Amino acid sequence: MADALVVERLAQLALFADLRWPELEAVAHTFEEEVFAEGQRAVRQGISGSAFYIVLEGEATVVVDGAERARLGRGDFFGEISALTGDVPTADIRAETMLRCLMLPGPQLEAFLLEHPVVMLRMLHAEARRVRDANRWR
Amino acid sequence: MSDTVSSRPFPPGQYPLVVVGSGPGGLQTSYFLRRLGIEHAVVSADDGPGGMFRRFPLFERLISWTHPSADVPRGSRWFEAHDQNSLVAEEEELGALVLDELGEDHRRPARDEMAAGLAAFAERAQVPVRYGCRWESTRREEDALVLVTSEGEYRCTAAIFAIGMTEPWVPPIPGLELDMHYVHVSSAPDRYRDRRVVIVGKRNSAFEVGEAIVRNGLRELTLVSPRPPDLARLARSPLRPWYLTPYDEHVRGAPGRYVLNASVDRVERRGDEYLLHALDPTRPEALVVEVDDVVVATGFRAPLQDLPELGLATVLDGRLPALTPYWESVTVPGIFFAGNVTQAAQGLRKHGVASVSGMVCGFRYNARILARHVAETVFGVAPDRPRLEPESVVSHLVRELDGAPELAMQKGYLARVLHAEPRQGVRDEGILPLEVFVDGADDGVAVTLEFDAEETIHPVVYLRQAGVLRETSLPPHPLRRYDDPVYRDALAQLVDPLLRPLGSI
Chain U
701 MADALVVERL AQLALFADLR WPELEAVAHT FEEEVFAEGQ RAVRQGISGS AFYIVLEGEA
761 TVVVDGAERA RLGRGDFFGE ISALTGDVPT ADIRAETMLR CLMLPGPQLE AFLLEHPVVM
821 LRMLHAEARR VRDANRWR
Chain F
983 MSDTVSSRPF PPGQYPLVVV GSGPGGLQTS YFLRRLGIEH AVVSADDGPG GMFRRFPLFE
1043 RLISWTHPSA DVPRGSRWFE AHDQNSLVAE EEELGALVLD ELGEDHRRPA RDEMAAGLAA
1103 FAERAQVPVR YGCRWESTRR EEDALVLVTS EGEYRCTAAI FAIGMTEPWV PPIPGLELDM
1163 HYVHVSSAPD RYRDRRVVIV GKRNSAFEVG EAIVRNGLRE LTLVSPRPPD LARLARSPLR
1223 PWYLTPYDEH VRGAPGRYVL NASVDRVERR GDEYLLHALD PTRPEALVVE VDDVVVATGF
1283 RAPLQDLPEL GLATVLDGRL PALTPYWESV TVPGIFFAGN VTQAAQGLRK HGVASVSGMV
1343 CGFRYNARIL ARHVAETVFG VAPDRPRLEP ESVVSHLVRE LDGAPELAMQ KGYLARVLHA
1403 EPRQGVRDEG ILPLEVFVDG ADDGVAVTLE FDAEETIHPV VYLRQAGVLR ETSLPPHPLR
1463 RYDDPVYRDA LAQLVDPLLR PLGSI
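In order, the protein sequence lines correspond to chains U and F.
If you read the first sequence in the numbering used here, its first letter stands for residue 701, the second for the next number, and so on.
If you read the second sequence in the numbering used here, its first letter stands for residue 983, the second for the next number, and so on.
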């Protein structure tokens, strides 16, 4: 059973902005919570079997071959590409502070998105922005 | 001080280390600390050993196995995978003690058999505990931790809390009361006869109590919680064959057997009955279930007392401490945890597979690693790291994959780790959390057993050379026989570049 606080936190995340209360509570029960110490890695470049994460609290960096590429904070998500494609992650996600995340095992992500198309659409918007920004940098 | 009191071990005072708890986690940790020569006190609020098994499970036998028949010596390390319930020891006569207590025709212990096995371990391994000494609060003073107990203060450099998840946890839903919790469910055979019962929750304790009261002739049973039972996960869950009558009957449409995937909005009292209002996201209106009894089986929390006020970070709504890979608080150095509260240290969780650190068969190995880690990092007592000749590495790794109980139980979580470097040669680091090797910097090799995304068990090799880590999953074997030329050859090929520079050592 999830605390009302967790559901409240979910309601504030853009990814879940279209969900109603009972749906949010079901989501809170579907995801698990993981906390990483500062310096610990949530996702490891080149290591298979990782999961999909949404940041609830704290900051993380995206590190590729030892070089920092981006910073992540509350409401950001990561791990979805390897979870959906089955490929190994192409970056480390390293906690820069204590990092509290919601976690969904990779094999469950596709079914979750099919059950919650409004979340899938929100995710697609975010991915579209990432692609746009990546193209801008070229 | 009376004779009775003075004859008890560990009076309040100053100790290098204090272990709190006398359940399987506390006993196992203390045993390994003593083997390493680390002086410590053990205190427990209980009046005897056993921890949660002095009370739980309430109705059913445990869901973990103890198989009496095996082709390896009873009590040996190789027997441990046959017996998930006993504590482990270096001495064969101290292993597999639950087996002595198990009634005939059973492969799973009842609560009292489990408690007796733990008591036998405490006695035969001579694990002294100051019983009846309740830890109440904690403070930090300069470099010391001070544990305030019902009998006085204990000052120490570090503390290990093996306090179990034993405090009933009830979600903050209007109308749910603490006295409805699983721990208060009556075991009187007629208590639920001809009654309508709703159980809030769908995890172990919910199915356990459901199974028990179904047998005792209740009229209607409804299980409700937001998350649907995860059938894929149930397929590899020890719950599947033993607790699932209520779910099975619901699926097959038995009258009066319902499993709802809905949020509980509130519970109201109306005369002699309760009205449970459940919100199912797929329906426009609330479902109202009229029942005679409400059982809240939403699990437990660790009795962390005032540790959060010391800055201890938690997960799961404050129910468990957030831990490093060596089971130390992520926010308060010097505070470690053992036993089933180590389950928040999740490891790599590849493909979502969790550790079994919530069960004796998992945390008994965590306890050995924790004792070594605390001995080395807090007290400067370096554990034995035997040197291996390069030509014996492959045989060693194959033997571990084939029979190491730590790898068989804690799949994807614990690994056999060897470090290799030109000046030192190959050193056996022992069994460690896989995450420690993967996130470390030392060149070497780690082997483990893992479930893949399709839940097939594979040996997996992690090899780091010149700082570059490579993961190789080896093919599964239908009889899980890894002492096979296929694995020997594959391992030899993988470790060759790592060992070749060490050949002359």
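Heads up, the beta-carbon is just placed ideally off N, CA and C, and yes, glycines get one too.
Computed from a predicted structure; not experimentally measured.
Bridge-paired residues (DSSP) for residue i
i, result
"Trp1117(F)", "Thr1131(F)"
"Pro1204(F)", "Contrary to the premise, residue 1204(F) reads as Thr rather than Pro in this sequence. Per DSSP, Val1180(F), Tyr1240(F)."
"Glu1310(F)", "Phe1318(F)"
"Ile754(U)", "Phe777(U), Leu802(U)"
"Arg857(U)", "The structure shown does not extend to residue 857(U), since chain U is modelled only from 701 to 838, so the question has no answer here."
"Cys1343(F)", "Paired residue(s): none; Cys1343(F) is not in a bridge."
"Tyr1136(F)", "Gly995(F), Leu1129(F)"
"Pro1303(F)", "Thr1296(F)"
"Phe812(U)", "Answer by DSSP bridge pairing: none, since Phe812(U) is not bridged."
"Pro1150(F)", "Phe1282(F)"
"Ile1142(F)", "Val1001(F), Phe1318(F)"
"Leu1396(F)", "Pro1415(F)"
"Ala795(U)", "Ala760(U)"
"His1259(F)", "Arg1248(F), Val1270(F)"
"Glu977(F)", "Only positions 983 to 1487 of chain F appear in this structure, which leaves residue 977(F) out of reach."
With 16 other Cβ atoms within 10 Å as the buried cut-off, status of residue i
i, result
"Ser1486(F)", "With a pLDDT of only 47 at Ser1486(F), under 50, the local geometry of the prediction cannot be trusted, and the value read off the model is given with reservation. Exposed."
"His825(U)", "exposed"
"Thr1280(F)", "buried"
"His1333(F)", "buried"
"Thr730(U)", "buried"
"Ser984(F)", "For Ser984(F), the pLDDT reaches just 42, beneath the cut-off of 50, and the residue's location in the model is therefore unreliable, although a value from the coordinates is still provided. Flag for Ser984(F) reads exposed."
"Gly1134(F)", "exposed"
"Ser1339(F)", "buried"
"Pro1372(F)", "buried"
"Gln712(U)", "exposed"
"Gly1019(F)", "exposed"
"Gln1287(F)", "buried"
"Gly773(U)", "exposed"
"Asp1465(F)", "exposed"
"Glu1095(F)", "buried"
"Val831(U)", "exposed"
"Ala717(U)", "exposed"
"Ser1207(F)", "buried"
"Ser1004(F)", "buried"
"Ser1012(F)", "buried"
"Val1468(F)", "exposed"
"Gln1108(F)", "exposed"
"Ser782(U)", "buried"
"Gly1362(F)", "exposed"
"Arg1090(F)", "buried"
"Gln1066(F)", "buried"
"Leu705(U)", "exposed"
C-beta contact flag for residue i and residue j at 9 Å
i, j, result
"Ala1428(F)", "Leu1416(F)", "yes"
"Leu804(U)", "Ala751(U)", "yes"
"Arg836(U)", "Ile793(U)", "no"
"Leu1127(F)", "Ala1140(F)", "yes"
"Leu1370(F)", "Gly1407(F)", "yes"
"Leu1205(F)", "Tyr1240(F)", "yes"
"Leu1257(F)", "Glu1267(F)", "no"
"Tyr997(F)", "Cys1138(F)", "yes"
"Val1024(F)", "Trp1117(F)", "no"
"Tyr1395(F)", "Ser1455(F)", "no"
"Gly1321(F)", "Gln1010(F)", "yes"
"Thr1324(F)", "Phe1345(F)", "yes"
"Pro1171(F)", "Asn1198(F)", "yes"
CB contact check: residue i to chain C, cutoff 9 Å
i, result
"Val735(U)", "As a matter of chain content, chain C is missing from the structure shown, whose protein chains are U and F."
Which residues, in chain order, does the stretch 1071 to 1094 of chain F contribute to contact with chain U at a C-beta distance below 7 Å? none
Against chain F: residues of the stretch 739 to 750 of chain U by CB proximity under 8 Å: Gln740, Arg741, Arg744, Gly746, Ile747, Ser748, Gly749, Ser750
Would you mind listing the alpha helix (DSSP H) stretches within the stretch 1402 to 1450 of chain F that are 4+ residues and don't spill past its ends, in chain order? 1416 to 1420
At what residue ranges does the stretch 1059 to 1103 of chain F contain a whole run of the beta strand (DSSP E), taking only runs of 3 or more? none
For the stretch 988 to 1024 of chain F, list the beta strand (DSSP E) runs that are entirely contained and at least 3 residues long, ordered along the chain. 999 to 1002
Within 7 Å of chain U by C-beta, residues of the stretch 1289 to 1319 of chain F in sequence order: Ala1295, Val1297, Leu1298, Asp1299, Ala1304, Thr1306, Val1312, Thr1313
When Cβ atoms are compared, which residues of the stretch 787 to 808 of chain U fall closer than 7 Å to chain F? Met798, Pro805, Gly806, Pro807, Gln808
Could you name the residues of the stretch 1333 to 1344 of chain F whose beta carbon sits closer than 7 Å to any beta carbon of chain U, in the order they occur along the chain? His1333, Gly1334
Against chain U, which members of the stretch 1424 to 1440 of chain F pass a CB distance test of less than 7 Å? Ala1435
By the 8 Å beta-carbon criterion, what residues does the stretch 1226 to 1245 of chain F contribute toward chain U? Asn1243, Ala1244, Ser1245
Chain F contacts from the stretch 702 to 731 of chain U (Cβ-Cβ distance under 8 Å): Ala702, Asp703, Ala704, Leu705, Val706, Arg720, Trp721, Pro722, Glu723, Glu725, Ala726, Ala728, His729, Thr730
Output, in sequence order along the chain, the residues in the stretch 1251 to 1270 of chain F whose CB is closer than 8 Å to any CB in chain U. Leu1261, Asp1262, Pro1263
Identify each residue in the stretch 1395 to 1425 of chain F for which the Cβ-Cβ distance to at least one residue of chain U is less than 7 Å, and report them in chain order. Val1420, Asp1421
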